[in-house]
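Just below is one structure, and these are the notes that go with it.
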Amino acid sequence: MEMNLIRAHPQAGYDILKKISFPWPVAQIVLEHHERLDGSGYPQGLKGSDILQEAKILAVADVMEAMSSHRPYRPALGIEAALEEISKNRGDLYDPEVVDTCIKLIKEKGFHFD
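Under the working numbering, the first residue of the sequence shown carries the number 54, and numbering increases by one thereafter.
Structure below.
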């Protein structure tokens, strides 16, 4: 039951944002941010090029932020664990170019979550 609630948030975000006029497809990006290259994501099970590039970027950013931050149900796993996750699943779940850019931003440019 909890997982169904969690999996509903992309649709809830889409439903809120679709009524707002943006110069970009923001609502669609939010709807697709848990889709994965191999089709194992949700809510639509999209694959590869069927996923908006912006949603692929948000997907990696979301994983990085979620894993490196404290959650009520677990302590922060840390930036290294998040980097390992996206590196391990580069090309399978996450867009390779997005993963490479994220790693470069963190390791070479010193980006960090505050």
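Built from N, CA and C at the ideal position, the CB exists for glycine as well.
Residue i, enclosing alpha helix (DSSP H) - first and last residue
| i | result |
| --- | --- |
| G94 | Note, G94: premise wrong, no alpha helix (DSSP H); not H, not E. |
Member of the options whose CA lies at the smallest distance from the CA of residue i
| i | options | result |
| --- | --- | --- |
| V152 | E138, P96, K162 and I59 | E138 |
| R60 | V116, G94, S74 and Y147 | G94 |
| N142 | V116, Q97, G66 and G98 | V116 |
| T154 | A119, M120, K100 and K109 | K109 |
| Q106 | I82, M56, H62 and A119 | I82 |
Cβ-Cβ distance between residue i and residue j below 9 Å
| i | j | result |
| --- | --- | --- |
| I69 | E85 | no |
| S122 | A129 | yes |
Minimum Cβ-Cβ distance from residue i to chain B less than 9 Å
| i | result |
| --- | --- |
| E55 | Absent from the structure is chain B; it holds one protein chain and no more. |
Bridge partners - residue i, DSSP secondary structure assignment
| i | result |
| --- | --- |
| R127 | R124 |
| R143 | Y147 |
Exposed unless 16 or more other CB atoms sit within 10 angstroms - verdict on residue i
| i | result |
| --- | --- |
| Y147 | buried |
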